[in-house]
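These notes are about the structure you will find just below.
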Amino acid sequence: MNKFYTTAEIADSIDVTVMTVTRRAKRESWASRARSGKGGGKEYAFDSLPESVKTAILRHEATNTCNVSSIPTTGPSLADLNDNKRTKALAKADLLQLYTDWLSQAKRGSKAEARTDFILAYKGGAWPRLLETLGSKISWQTIERWKVQLRNNKTVVVLADQRGEQNRQRSVMTDEHMDILLRAVLSPNNPTISSAMRTATAIMQASGITDVPCDKTMRRKLESWKETNFGDWVYTREGKKAWNDKAAFFIERDYSLIEVGDIMIADGHVLNFETLNPWTGKGQRMELVMWYDMASNCPLGWEIMPTEDTQSIAASFRRACLTLGMFPKIAYLDNGRAFRSQYFNGVDFRQTGVGGLFKELGINTIFAWPYHGQSKTIERFFGTLHDLEQWVPSYVGNCIDAKPPRLNRGEAMHRKAYEAVGGRPLTMEETHVAVARWIDEYINRPQRGHLKGKCPAELMLAGRGPGIDERELRHLMMVKKVRKITREGIRLFGERYYAPELYSRTHEVQVRYDMHDLSQIMVYRDGEYLCTASKTAKIHPAANLLGDETHQNEFKKAVTFRKQQEKDAASYTKTVLESAMYDQAQRMKELEVKKETSNTVTEIKPLTQAKVTSIEAVKAKALEAQKNAPAYTPPAEKSDILSEQDKYEYLFTISYQKGITLREPDQEWMGYYETTDEYQYIAARCEQRKKFYARKQATN
1 MNKFYTTAEI ADSIDVTVMT VTRRAKRESW ASRARSGKGG GKEYAFDSLP ESVKTAILRH
61 EATNTCNVSS IPTTGPSLAD LNDNKRTKAL AKADLLQLYT DWLSQAKRGS KAEARTDFIL
121 AYKGGAWPRL LETLGSKISW QTIERWKVQL RNNKTVVVLA DQRGEQNRQR SVMTDEHMDI
181 LLRAVLSPNN PTISSAMRTA TAIMQASGIT DVPCDKTMRR KLESWKETNF GDWVYTREGK
241 KAWNDKAAFF IERDYSLIEV GDIMIADGHV LNFETLNPWT GKGQRMELVM WYDMASNCPL
301 GWEIMPTEDT QSIAASFRRA CLTLGMFPKI AYLDNGRAFR SQYFNGVDFR QTGVGGLFKE
361 LGINTIFAWP YHGQSKTIER FFGTLHDLEQ WVPSYVGNCI DAKPPRLNRG EAMHRKAYEA
421 VGGRPLTMEE THVAVARWID EYINRPQRGH LKGKCPAELM LAGRGPGIDE RELRHLMMVK
481 KVRKITREGI RLFGERYYAP ELYSRTHEVQ VRYDMHDLSQ IMVYRDGEYL CTASKTAKIH
541 PAANLLGDET HQNEFKKAVT FRKQQEKDAA SYTKTVLESA MYDQAQRMKE LEVKKETSNT
601 VTEIKPLTQA KVTSIEAVKA KALEAQKNAP AYTPPAEKSD ILSEQDKYEY LFTISYQKGI
661 TLREPDQEWM GYYETTDEYQ YIAARCEQRK KFYARKQATN
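With the first letter of the sequence shown counted as 1, position 295 gets the number 295 in UniProt numbering; the numbers rise by one all the way through.
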């Protein structure tokens with residue numbers, strides 16, 4: 001606050017023009033002095049101004065600067081007050097200004113009546129905003145007290161509620177008290193506040209600390225500490241996942257920077273209702289694997305499976321590409337380790353072959369942060385999918401608290417009611433139909449957020465690609481496996497596949513097949529196409545006597561093919577034998593001639609020193625190579641190893657039973673396998689075997 005104010009400053013405070021202030025000052029004879037500087041004019045003494053003008057000036061300064069450090073006050077500055085106290089203080093200043101203006105307009109001798117009329121007008125709602133802020137318990141005596149306080153202190157801060165402000169920074173708790181309390185409450189076991197306070201009190205008493213704070217004081221201090229250390233509070237008591245969800249900095253994506261088809265998200269979800277397993281006939285919660293467009297929030301392709309199967313990923317991806325009409329630029333996948341443990345039966349998603357498919361199609365892959373559901377927008381879709389799940393008769397709940405009563409103990413009435421209305425698990429076909437119909441309704445539902453009131457289907461169709469050749473996609477989506485050729489051809493899924501080009505081959509080849517068409521497979525070696533092998537039909541045991549015409553034709557065809565192979569083999573063998581016999585006869589003749597003409601023994605010349613040195617070097621090199629070679633056959637060269645457990649059993653026998661030192665890669669792999677869930681089923685047996693072999697080696 002200043003001692004003098006210019007005409008412009010007063011006009012700005014009471015929200016009138018400069019000319020209005022000049023006329024009023026002249027009319028009311030305000031005390032003034034000449035203003036020095038450019039422009040001249042007058043400055044008016046603050047003390048000589050009317051009360052309403054003084055109040056307006058003080059409120060204007062408090063509102064615009066919140067800086068009254070140069071004015072003596074009885075409390076904190078306006079900026080130090082909380083929002084509630086600051087709002088009420090400014091409202092009191094507004095009401096005081098209205099009160100002063102009201103009295104200034106009253107006639108001489110009628111101010112008592114004017115005070116009463118002002119209070120009646122205030123309580124009657126003449127100024128509803130002020131009435132809502134300050135309440136109805138206001139009298140003219142209260143306003144007069146405000147006027148005196150404002151005149152004496154010359155700051156709006158005195159109108160604020162000062163209760164508790166003087167002791168706000170004071171506390172009976174010392175740093176030692178606070179340290180003990182924090183050690184009790186900041187525990188990973190997440191104790192309740194009451195329990196932590198009791199523990200802290202017991203520690204203080206046992207340590208001989210006097211003046212133990214009461215529970216209210218400790219609770220209030222904890223709340224104050226939590227307000228400024230919320231991240232530490234959550235991370236210590238609830239862990240990283242809760243810290244990420246509640247306290248970590250939020251990174252918001254700008255979806256306007258991507259187009260439809262730029263990013264497709266893949267994730268799995270366990271449906272919260274039961275479906276009949278077509279293989280076992282029992283009800284179970286099925287797995288839903290879905291591909292989801294990030295830009296349009298549109299589900300593109302999905303597959304429902306009773307067990308974890310990477311083929312479902314490929315099948316849903318194929319459908320998503322056909323729906324999108326193009327291949328996505330980026331496949332956004334769940335974190336490999338988490339995805340592996342929850343959905344894909346112990347197989348890392350990056351090692352299922354699907355990742356190789358992405359590379360072949362020119363699709364980049366991004367793996368989401370572990371334990372960070374916010375990074376995958378499809379998680380929000382799965383939450384919305386609960387709208388469908390809870391209306392399915394076989395609904396089992398999305399958490400323990402949401403289980404239907406029929407699944408709890410002692411709920412015979414609910415179970416009978418469930419059976420009476422025909423409650424049962426859905427069939428696989430019914431599940432597909434229910435999910436498909438719900439998704440059709442979902443994609444035509446307007447959404448807020450970055451869709452801005454548009455439907456997912458509308459955005460997806462606007463950005464859809466030109467289409468994909470289904471035959472080309474089917475070839476790219478073929479599963480790849482390694483198989484060995486035998487006299488039966490190639491064995492796959494219990495069936496035999498054969499082609500004439502496979503005859504007389506016994507090496508390993510790569511086969512490609514379509515899960516939707518297993519009538520034939522494509523055979524490759526070292527990336528080069530060999531042939532297309534067809535499924536071989538079994539022959540009737542007595543086709544000519546008991547079989548029909550089809551059986552007889554199949555039998556004749558097989559016999560003819562076999563005889564042609566025999567003819568080809570015999571022809572080749574005859575050629576080889578004739579050539580070999582001719583060469584052998586010629587050598588015998590030459591040998592007889594040499595025996596007759598050679599009567600003396602040819603003297604053997606001794607080797608030179610250089611030749612001897614060369615031979616010794618070659619021998620040393622061969623011995624070194626033999627020494628460095630592994631003392632066992634590497635697992636990759638063992639055709640009878642079909643699974644990771646077979647590989648571990650083989651290396652376990654080599655290392656512990658035979659006592660052979662493993663290669664470093666095999667040692668690292670064994671260490672990795674012993675951390676998997678699959679190993680836990682055989683861990684106890686392996687530990688017993690280790691102890692047995694150790695005792696056996698010790699006795700030897």
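Using N, Cα and C, we set each Cβ at its ideal position, and we do this for glycine too.
The model shown is predicted, which means the values in this text are computed figures rather than measured ones.
Query	Result
May I ask you to report which of helix, strand or coil DSSP gives F344?	For F344, the predicted structure reports a pLDDT of 38, less than 50, and the residue's modelled location is therefore unreliable. The matter cannot be settled from this model.
Could you tell me whether the region 252-269 touches the region 408-415, where touching means 3 or more Cβ pairs closer than 8 angstroms?	no
Compute the distance between the beta-carbons of I193 and L322, then report whether it is under 8 angstroms.	no
For Q162, name the three-state secondary structure that DSSP assigns.	coil
Quick one: is K246 buried, meaning 16 or more other Cβ sit within 10 Å of its Cβ, or exposed?	exposed
Alpha carbon to alpha carbon, what distance is there between Y673 and M286?	28 angstroms
Do you know offhand how far K226's Cα is from P191's?	15 angstroms
DSSP has E43 in a bridge; who is on the other side?	T6 and R33
Between which residues of its own chain and Y501 is the CB-CB distance below 7 angstroms, once the five residues before and five after are set aside?	Per the sequence presented here, residue 501 reads as Glu, with Tyr not at that position. Excluding residues within five positions, the ones whose Cβ falls inside 7 angstroms are L530 and C531.
Select from Y513, V509, K535 and Y679 the residue whose C-alpha is nearest the C-alpha of R525.	V509
Apart from the five residues on each side of it in sequence, which residues of its chain come closer than 6 angstroms, Cβ to Cβ, to R108?	none
Let me check one thing: in DSSP terms, what residues is A533 bridge-paired to?	I521
Pull up the DSSP beta-bridge partners for F382, would you.	Partner(s): none; F382 has no beta bridge.
If we call anything under 8 angstroms between Cβ atoms a contact, is L58 one with T155?	yes
Can you tell me whether DSSP reads A683 as helix, strand or coil?	helix
Between which two residues does the alpha helix (DSSP H) carrying T653 extend?	Looking at the DSSP string, T653 is not in any alpha helix (DSSP H), and its letter there is neither H nor E.
Considering only the beta carbon of each residue, do A368 and M264 sit closer than 8 angstroms?	no
Just to confirm the assignment, what range does the alpha helix (DSSP H) spanning H269 have?	Note, H269: premise wrong, no alpha helix (DSSP H); beta strand (DSSP E) at I263 to L276.
Going by DSSP in three states, G489 sits in which element: helix, strand or coil?	strand
Does the region 286-299 come into contact with the region 441-453, if we say contact requires no fewer than three beta-carbon pairs (one atom in each stretch) closer than 8 angstroms?	yes
Between the region 654-664 and the region 683-696, are three or more C-beta pairs nearer than 8 angstroms?	yes
Going by beta-carbon coordinates alone, are L426 and S375 separated by less than 8 angstroms?	no
DSSP three-state label for K481, please.	strand
I need the boundaries of the alpha helix (DSSP H) containing R183, first residue and last residue.	D175 to V185
Going straight from the alpha carbon of E687 to that of E649, what length do you get?	13 angstroms
Can you tell me the Cβ-Cβ gap for Q533 and Y503, rounded? I've got them flagged as a contact below 8 angstroms.	Residue identity check: residue 533 is Ala in the sequence provided, not Gln. At roughly 11 angstroms, the Cβ-Cβ gap does not stay under 8 angstroms, so A533 and Y503 are not in contact.
Where A45 and S36 are concerned, what is the direct C-alpha to C-alpha distance, given to the nearest angstrom?	15 angstroms
Indicate whether the contact test is met: 3 or more Cβ pairs, each with one atom in the region 80-95 and one in the region 122-136, closer than 8 angstroms.	yes
Just reading off the alpha helix (DSSP H) that L461 is part of, what are its end residues?	P456 to A462
Mapping DSSP to helix, strand and coil, what is R512?	strand
Short of 6 angstroms in beta carbon distance, which residues of its chain neighbour P278, apart from the five on each side in sequence? Order them along the chain.	M428
Exposed or buried, what is R448 when buried is set at 16 or more other beta-carbons lying within 10 Å of its beta-carbon?	exposed
Just to confirm before moving on: does the CB-CB distance between K329 and D267 stay below 8 angstroms?	no
Looking at C-alpha atoms only, which residue of A200, G281, N189 and E274 is the closest neighbour of G239?	N189
Beta-carbon separation of L222 and L159 under 8 angstroms?	no
Considering only residues of the same chain and omitting the five flanking positions on each side of L451, which have a CB-CB separation below 8 angstroms?	S296, N297 and L459
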